[in-house]
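J.: Residue numbers (this note's numbering): 74 to 527.
As structure tokens, then:
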């Protein structure tokens, strides 16, 4: 296709803007793309693209899955472009193509792994049609913009190109019914040995059958509406998974996974089911892109950890964890609380996610979240901090957590001096994406205090 002159102007000026931002030590994740799109609104249609484009979207797990998927494809010898340094909106994707494409606008890559904001799909898909689209899950998200799962479903459902192959979660009856006319495969994790199901979650984004809208029969619920169901009225049932987990050894962090043709062992970085979902979805997508499932299992042994998401170290015999957890979110914190409750030993928890007063006025996410996991004697110190520290303290008391376990600290700098290190086996700090700069200072201060212990 012959490119208009406006494309070259947009591309060159965008690249110069990107270069200027790098000189200023900025990532250039948004502005260069915004400039290119202002000059040529169809910039993404005109720019060169890899032979294979894979996009990853969904409420939770997008960044982690993209990193795993990119590693699997690169380990298999593919030259991969991505938007890891950019945003996942249309401006971020434009910035990614500015970064990776040549000055003539050609793509030198075989494959592209692109993280996609769900609400941006309607703006991006007319210009960039993915060959494969992985949807990790859909449930209520940030109350600022993605609070209604069916609203996000509708955006995706009417936007997905008919030629795109879908990789979907068999335990998510919402995202599992996206674009029913499209080719699709499913991945899933059955109820594992020793896993407690949640028959009565605090809330669910799916109550009735998605086909006939009558009562569903529950086979099992993992959390929220994530689980397996069937309908005795119309015959609907959760789909069978082509890629699935057979067993999970949490102590060894090994999962036996299978397809119709083979079984193989994957190595996980944590013993959590959420991370197992991420790994399985990345391997399933890589398989649909030509990387053998067994090869991804082999690559999982050397998969580099994404320390900004989950980092663990042992300091003088004590575990120190930092876990990224979406703030202003009614689901993500409860998944972390459940994971921490299952960990052995006496624990200190610093809740530093979603604590800034000016970000959001709606506090309903605090009351949708399940804080009962923290009503466990193993949590002997729970820190409520930041501008919203009193809101969090009130929510903990409403969950019947004893007042003597709750520590109030509006000032983050005070927290390291208030932690009872000598009594702790595990110290965990949970933080939001936007909190990273000051979180690093807090992590460093806690680490320094732990290193001084005998």
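Glycine residues also receive a C-beta, built at the ideal position from the N, C-alpha and C atoms. Computed from a predicted model, the values in this text were never measured in an experiment.
Under the rule that 16 or more other beta-carbon atoms within 10 Å means buried, what is residue 525, buried or exposed?
T.: The count along the chain shown starts at 1 and reaches residue 525 at position 452. Under this definition residue 525 is an exposed residue.
J.: Residues in its own chain within less than 6 Å of residue 472 by CB, not counting five upstream and five downstream?
T.: Sequence index remark: in the chain shown, residue 472 carries index 399 (1-based). Excluding positions up to five away in sequence, the list reads 444, 445 and 448.
J.: If you follow the beta strand (DSSP E) that residue 130 is in, where does it begin and where does it stop?
T.: What you label residue 130 is simply residue 57 of the chain shown in a count that begins at 1. Counting along the chain, the beta strand (DSSP E) containing residue 130 begins and ends at 125 to 130.
J.: Cα-Cα, which of 410, 498 and 213 is closest to residue 55?
T.: With the chain covering 74 to 527 only, the question about residue 55 has no answer from this structure.
J.: Which residue from 241, 400, 218 and 148 puts its Cα closest to that of residue 351?
T.: Position 278 of the chain shown holds residue 351. Nearest option by C-alpha distance: 241.
J.: Looking at residue 142: is its Cβ nearer than 8 Å to the Cβ of residue 347?
T.: On the chain shown, position 69 is the one that residue 142 refers to. On the chain shown, position 274 is the one that residue 347 refers to. No, these two residues do not count as a Cβ contact at 8 Å.
J.: Pull the bridge partners of residue 239 from the DSSP assignment, please.
T.: Start at 1 with the first residue of the chain shown, and residue 239 comes out as number 166. DSSP, once it has assigned bridges, lists 206 and 257 as partnering residue 239.
J.: Just to check my reading of the structure: residue 203 and residue 249 have Cβ atoms closer than 8 Å, yes? What is that Cβ distance to the nearest angstrom?
T.: Locating residue 203 in the chain shown gives position 130, counting from the first residue. Locating residue 249 in the chain shown gives position 176, counting from the first residue. No, residue 203 and residue 249 are not in contact; Cβ-Cβ is about 18 Å, not under 8 Å.
J.: Judging by CA-CA distance, which residue of 81, 238 and 340 is the nearest neighbour of residue 254?
T.: Taking the first residue of the chain shown as 1, we reach residue 254 at position 181. If we check each option's Cα against that of residue 254, 238 comes out closest.
J.: Taking residue 139 and residue 129 to be in contact with their CB atoms under 8 Å, please state how far apart those CB atoms are, rounded to whole angstroms.
T.: To locate residue 139, count along the chain shown from 1; it is residue 66. To locate residue 129, count along the chain shown from 1; it is residue 56. Yes, residue 139 and residue 129 are in contact; Cβ-Cβ is about 5 Å, under 8 Å.
J.: Please check the pair residue 148 and residue 105, which I expect to be a contact at CB under 8 Å, by giving their CB distance rounded to whole angstroms.
T.: Within the chain shown, the letter at position 75 stands for residue 148. Within the chain shown, the letter at position 32 stands for residue 105. Going by Cβ atoms, the distance from residue 148 to residue 105 rounds to 30 Å, so no, they are not a contact pair.
J.: Could you give the DSSP three-state label for residue 87: helix, strand or coil?
T.: As a first step, residue 87 is located in the chain shown; it is residue number 14 there, counting from the start. Residue state, collapsed to three classes: helix.
J.: Decide if the region 405 to 416 is in contact with the region 364 to 376; the criterion is three or more beta carbon pairs, one per stretch, under 8 Å apart.
T.: no
J.: Which word fits residue 191, buried or exposed, when buried means at least 16 other C-beta atoms lie within 10 angstroms of its C-beta?
T.: Reading the chain shown from its first residue, position 118 is the one you call residue 191. For residue 191, the number of other beta carbons within 10 angstroms of its own is at least 16, and it is reported as buried.
J.: On the DSSP letters alone, give me the boundaries of the beta strand (DSSP E) that residue 322 sits inside.
T.: Start at 1 with the first residue of the chain shown, and residue 322 comes out as number 249. Run containing residue 322: 316 to 322, per the beta strand (DSSP E) assignment.
J.: With which residues is residue 187 paired in a DSSP beta bridge?
T.: Position 114 of the chain shown, counted from the first residue, corresponds to residue 187. DSSP lists 128 as partners of residue 187.
J.: Return the first residue and the last residue of the beta strand (DSSP E) that residue 438 is part of.
T.: Working through the chain shown from its first residue, we reach residue 438 at position 365. Secondary structure note for residue 438: it is in no beta strand (DSSP E), and the uninterrupted alpha helix (DSSP H) holding it is 437 to 441.
J.: By how many angstroms is the C-alpha of residue 81 removed from the C-alpha of residue 127?
T.: Position 54 of the chain shown, counted from the start, is the residue given in the question as residue 127. Position 8 of the chain shown, counted from the start, is the residue given in the question as residue 81. Distance between the alpha carbons of residue 127 and residue 81: 25 Å.
J.: Is the beta carbon of residue 280 sitting closer than 8 Å to the one on residue 307?
T.: As a working mapping, residue 280 is identified with position 207 in the chain shown. As a working mapping, residue 307 is identified with position 234 in the chain shown. No, they are not a contact pair.
J.: Give the DSSP-derived three-state secondary structure of residue 139 in the structure shown.
T.: Taking the chain shown and counting its residues from 1, one reaches residue 139 at position 66. In the structure shown, residue 139 sits in a helix (DSSP, three-state: H, G or I).
J.: Quick test of your reading: residue 260 and residue 320, contact by CB under 8 Å. State the CB separation rounded to the nearest angstrom.
T.: Numbered from its first residue, the chain shown carries residue 260 at position 187. Numbered from its first residue, the chain shown carries residue 320 at position 247. Residue 260 to residue 320, Cβ: 16 Å. No contact.
J.: My guess is that residue 426 and residue 503 are in contact by the Cβ rule of under 8 Å, so how many angstroms apart are they, rounded?
T.: On the chain shown, residue 426 is found 353 positions in, with the first residue counted as 1. On the chain shown, residue 503 is found 430 positions in, with the first residue counted as 1. Between residue 503 and residue 426 the Cβ distance is about 5 Å, and since that is below 8 Å, they are a contact.
J.: Is the beta carbon of residue 247 sitting closer than 8 Å to the one on residue 271?
T.: Here residue 247 is taken as the residue at index 174 of the chain shown, counted from 1. Here residue 271 is taken as the residue at index 198 of the chain shown, counted from 1. No, the pair does not count as a contact, with Cβ atoms beyond the cut-off.
J.: Helix, strand or coil for residue 408 per DSSP?
T.: On the chain shown, residue 408 is found 335 positions in, with the first residue counted as 1. The answer is helix: DSSP assigns residue 408 an H, G or I state.
J.: Work out the CA separation of residue 343 and residue 122 for me, nearest whole Å.
T.: For the purposes of this step, residue 122 is taken as the residue at position 49 of the chain shown. For the purposes of this step, residue 343 is taken as the residue at position 270 of the chain shown. When rounded, the distance between both Cα atoms is 35 Å.
J.: Mark residue 175 as exposed unless 16 or more other C-beta atoms lie within 10 angstroms of its C-beta, in which case mark it buried.
T.: Taking the first residue of the chain shown as 1, we reach residue 175 at position 102. So residue 175 counts as exposed.
J.: Residue 289: buried (16+ other C-beta within 10 angstroms of its C-beta) or exposed?
T.: As a first step, residue 289 must be located in the chain shown, where it is residue number 216. Flag for residue 289 reads buried.
J.: Is the region 329 to 339 close to the region 108 to 122, with three or more CB pairs under 8 Å?
T.: Contact between the region 329 to 339 and the region 108 to 122 is absent: fewer than three C-beta pairs spanning the two stretches fall below 8 Å.
J.: Tell me the residue span of the beta strand (DSSP E) that contains residue 361.
T.: Here residue 361 corresponds to residue number 288 of the chain shown, with the count starting at 1. No beta strand (DSSP E) holds residue 361; the alpha helix (DSSP H) holding it covers 346 to 361.
J.: Tell me which residue opens and which closes the alpha helix (DSSP H) that residue 221 is part of.
T.: Taking the chain shown and counting its residues from 1, the one referred to as residue 221 is at position 148. Taken as a continuous stretch (DSSP letters only), residue 221 belongs to no alpha helix (DSSP H), as it is neither H nor E.
J.: If you reduce the DSSP assignment to three classes, tell me which class residue 375 lands in.
T.: Taking the chain shown and counting its residues from 1, one reaches residue 375 at position 302. Taken through DSSP and simplified to helix, strand or coil, residue 375 comes out as helix.
J.: Which word fits residue 302, buried or exposed, when buried means at least 16 other C-beta atoms lie within 10 angstroms of its C-beta?
T.: Locating residue 302 in the chain shown gives position 229, counting from the first residue. It counts as buried.
J.: DSSP three-state call for residue 383: helix, strand or coil?
T.: Along the chain shown, read from residue 1 onward, the residue named residue 383 stands at position 310. Three-state result, residue 383: strand.
J.: Could you check where the beta strand (DSSP E) with residue 453 kicks off and where it finishes?
T.: Locating residue 453 in the chain shown gives position 380, counting from the first residue. 452 to 458 is the extent of the beta strand (DSSP E) around residue 453.
J.: Give the secondary structure of residue 421 by DSSP, where H, G and I count as helix, E and B as strand, and everything else as coil.
T.: For the purposes of this step, residue 421 is identified with residue 348 of the chain shown, where counting begins at 1. DSSP places residue 421 in strand when its eight states are reduced to three.
J.: Compare the Cα-Cα distances from residue 227 to each of 234, 251 and 214 and report the closest residue.
T.: For the purposes of this step, residue 227 is identified with residue 154 of the chain shown, where counting begins at 1. For the options 234, 251 and 214, the alpha carbon positioned closest to that of residue 227 is the one of 251.
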